[in-house]
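Each residue of the sequence shown is one higher than the one before, starting from 1 at the first, in full-length UniProt numbering.
Using N, Cα and C, we set each Cβ at its ideal position, and we do this for glycine too.
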Amino acid sequence: MKTLRLWALSTAVALLAVIGVTLTSPAANAAVACSVTYAKTWDGGSGFGANITIKNLGDAVSPWTLTYTWPGAQQVTQGWNGTWTQSGRNVTVTAPSYAPGLASGASVTVGFNGSSSGANVAPTTFAVNGVSCGGTPTPTPTPTPTPTPTPTSTPTPSPGNAQAVVAAMQPGWNLGNSLDATGADETSWGNPRITAALLDNIRAQGFNSIRIPVTWGQHQGGAPGYTIDAAYMNRVKEVVDWALADGFYVMINIHHDSWQWINTMPTDRANVLARYNATWTQIANTFRDSSAKLVFESVNEPQFTGSSGDAQNATLLNELNTSFRDIVRRSGGNNASRFLVLPTLHTSADQARIDELAATFTAMNDPNLIATVHFYGYWPFSVNVAGGTRFDATVQQDLTGAFDRVHASFVARGIPVIIGEYGLLGFDRHTGTIQQGEKLKFFEFLGHYARSRQITTMLWDNGQHFGRTTFQWSDPELFAQIRSSWTTRSGTASSDQVFVAKASAVTSKTLTLNLNGTSFTGLRHGNTELVRGTDYTVSGDQLTLTASALTRLVGSRAYGVNATLSARFSQGVPWRIDIVTYDRPTVQNASGTTSAFAVPTAFKGDRLATMEAKYADGSNAGPHNWTSFKEFDVAFAPDYAAGTITLKPAFFAEVDDGARVTLTLHFWSGATVTYHVTRSGSSVTGTTS
C-alpha cells in the first residue's frame, strides 16, 4: 500500500502546483484583475461545447468564482474543472475543491457541453469574484498561452526508488509526430514546430510526465561515427530543457529508427549495433548532466525482420537493451544513476515477451530500471472491425489480462511499469471511429485499472487530441473522462443514446447503469432536475425513462438529438445521454467508380455503427475477408452532412470483378438496411434490391 499512497500523494501535489495553488492562506484584500477567452470546441446545432480560459492579471485568489450571463437561450448540460450551476441565463462556475486557487499570472480552463435554441451567441461579459473581466466572443483568436507554471514541489525521489519515480510520473502525455517524424524536420508529418507555450499548456492540464519520441536516422551521418547533426541535437535538447523547466519528468528515446534500420539487425548485426551504440553514446554525452527527471528509453517498439523466430528476437533485443544500459552508465554524471526504460519486443504485453524482458532485468540487477509496454486495446474494438463496436466483456478482459500480466511479472517484483503509449488505433485517423459512449467507457476503465495495478500511463497524442497551437482539446468530453480516471471512478451506462422512433408512439426506454462503485444521485435536463418516480425510475441498475418524460423531451420530434440528459453519480464525471428521434434510414440507387462511390443515404437521425459485406454464396467480401464486418473509415465511412456512405477504394480493391456484393448497414438504433453493389472493372453500380 505504500506505493499507492506515494502515487496518490505525488499526483495531488503536482496537480496543485500546476494550477498554481499555494498551501498558505491568500493575502487579505487581494486585487482582482482578469481576462477571459471563450472558445467553442464543437457545435452541432442544438448542442455545442466550449472552453473558457480565465487568466489572472492581479493578485493570487483562492477560491475563485466565474460568473457570466447567456445572451440567448443556452443551457449548460455538463461542465468540468469546476462546479457549474445555472439559474435562468446566469451561469456560475466555482473552483474545484482540489484546486481552489489561481496564482498571479496563471490561467485555468473550464469547459462544458450545452444545448441551445435560436441564435447561439457567445457571452461577452464575465466576472471573477465579482470583478468584471474582458471577454472574447466566438470566433476567438489563438488563446493566450498559459504562463510557465510553477514546477511541482514534489521532491525528486532518490536513485534506487524507481517505483516512487514512476508513480510520480503519472499521468503522462506523448509529444507524438513531431521530433519522431521521419521527414526533413519536425513539421514533416503535419504538426507545427514545438513551442515552450505548448509544453506550458500541457503541464497545465495536469500531466506530470512527457514522452518526447525522437527519430535520429535522417539527421545522422554515415559510418563509422554516425554523427548526429549538431543543430538537431541542440533542438532536441532545447525541447527537453523546456519540459524540465516546466517540472515534467521527461522521457526521450530512439523511436522510428526501430523500423527504419534497427529492424535489419538479424542480417546486419555488426553495423546495426555499431550505429545503435554510436547513437546512444552521443545522446548520453549530451544529457549526462541533465536533471535526474530526464529518463532514457532504449528503443521504441523494437522489431526485427528476417529473424529465425522468437529465440533470436529475444537475444537481439537483450543485446540492444544491455548495450544501451552499459553505454549510459559508463557516460557518468547523472547518467550513472539515471532511470532507464526497457521495452519488450514490439512493446507487447504477451506473457512470452514479458518473460524475455524479465530475464534481462534479472541479469542486469540494476535498481534504476523501468519496464514498458504499449496498449491500444483489443484490436477489433480499437479500429472498429469484425463487429467490434462495443466496450464489452471481451474488450475488458483483453485489458485486464495485459495489465495483470505486467503487474505480476514486474510490479509485484518491485520493477515499475510505464505504458509508454495508450489509446485506440482508430484515433490515428480521428477520434470518431469508435462510438463516443463506448470510447468513454474504455478510457474510464483503463484509467481505473491502471491505478489498481500501480501502472503509469502516457497518452499517445499525435496532434489529434490537444491542439498544438490552439491549446484546446478536440474532444473535451473524452479528456474530462480521462482526467477523472486518474483519481476516481465514474458511473456510465449501457449506452449514451436513447432512440425514439418518430414513426411510432413514444414508449418508455431503459438503460443499464454501470455504477462502477459509485451510487446514482440523479438525472438532469440542463439545469432542471428530473423527478424520480415521474420522469424516470431506478430499479437496481435499471434506469427507465418514462413515456411522458420522453414525450416532453423529444418535443416536435425533429430527427436527431432532441435533448441531452446528464446522469449524475456520487463521484466522477456525469454520463451524457442523448435523446434521439429517428426513423429507419433509407438508401438510393447510385453509380460511380471504384475510386469514387457513395451510397445516397437519408440517415433520419440515426448513426452508422458498422457494415457487413457478403457475396451471393454467403462468403465474406472485401478486405479482412475472415470477417463479414468491414473496417470503419478504411472500407467505408458515413458523411452525415452530405447524406452519403462512401465505399472506399480499399474496399473495392478486394472485391471480385463482376460479383454482386450484399451490404448490410447496421445503425446504432438497431435498424439494418440492405444494399447491393456490383463492380465491373472500375465501374460500380449500387441498387436497393
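- Thr-518 sits in coil when the DSSP states are folded into three classes, being neither helix nor strand.
- Across the set Asp-656, Trp-575, Leu-553, the C-alpha of Asp-656 shows the shortest separation from the C-alpha of Thr-594.
- By the neighbour-count criterion, in which a residue is buried when 16 or more other Cβ atoms sit within 10 angstroms of its Cβ, Asp-535 is buried.
- A Cβ-Cβ contact shorter than 7 angstroms links Gly-221 with Thr-227.
- The Cβ atoms of Gly-58 and Val-32 sit closer than 7 angstroms to each other.
- In the structure shown, His-374 falls within a strand segment according to DSSP collapsed to helix, strand and coil.
- The three-state secondary structure of Pro-343, taken from DSSP, is strand.
- In the structure shown, Asn-253 falls within a strand segment according to DSSP collapsed to helix, strand and coil.
- Around the beta-carbon of Asp-639, fewer than 16 other beta-carbon atoms lie within 10 Å, marking it exposed.
- The Cβ atoms of Gly-420 and Met-364 do not sit closer than 7 angstroms to each other.
- Secondary structure note for Thr-664: its beta strand (DSSP E) is the uninterrupted segment 660-667.
- DSSP places Phe-569 in the uninterrupted beta strand (DSSP E) bounded by 560-569.
- Going by C-alpha positions, Asp-200 is about 7 angstroms away from Asp-246.
- Residue range 476-485 is occupied by the alpha helix (DSSP H) that includes Gln-481.
- Setting aside the 5 residues that flank it on each side, Ile-194 is surrounded in the same chain by Ser-178, Val-239, each with a C-beta closer than 6 angstroms to its C-beta; the list follows chain order.
- Within the model, the alpha-carbon separation for Lys-509 versus Tyr-449 is close to 31 angstroms.
- When DSSP states are grouped into helix, strand and coil, Lys-614 belongs to the strand group.
- For Arg-353, the secondary structure class from DSSP, reduced to helix, strand or coil, is helix.
- Between Ala-609 and Phe-651 a beta carbon distance of about 17 angstroms is seen, past the 8 angstroms cut, so the two are scored as non-contacting.
- Per DSSP, Phe-361 has no beta-bridge partner at all.
- Counting every other CB atom within 10 Å of its CB across the protein chains shown gives Val-128 a total of 16 or more, marking it as buried.
- Inter-segment contact for the segment 421-429 and the segment 471-479 is absent: fewer than three beta-carbon pairs are separated by less than 8 angstroms.
- Between Thr-521 and Leu-513, the alpha-carbon positions lie close to 12 angstroms from each other.
- With a contact defined as Cβ atoms closer than 8 angstroms, Phe-126 and Val-272 miss out at about 58 angstroms.
- Of Phe-629, Ser-669, Ala-598, the smallest CA-CA separation from Thr-678 is found for Ala-598.
- Secondary structure note for Met-458: its beta strand (DSSP E) is the uninterrupted segment 456-459.
- From the listed residues Trp-259, Thr-67, Ile-283, the smallest Cα separation to Asp-229 is found for Ile-283.
- In the assembly as shown, Asp-257 is a buried residue. Its beta-carbon has 16 or more other beta-carbons within 10 Å.
- The alpha carbon of Ser-504 has as its nearest neighbour, out of Asp-583, Ser-115, Asp-350, the alpha carbon of Asp-583.
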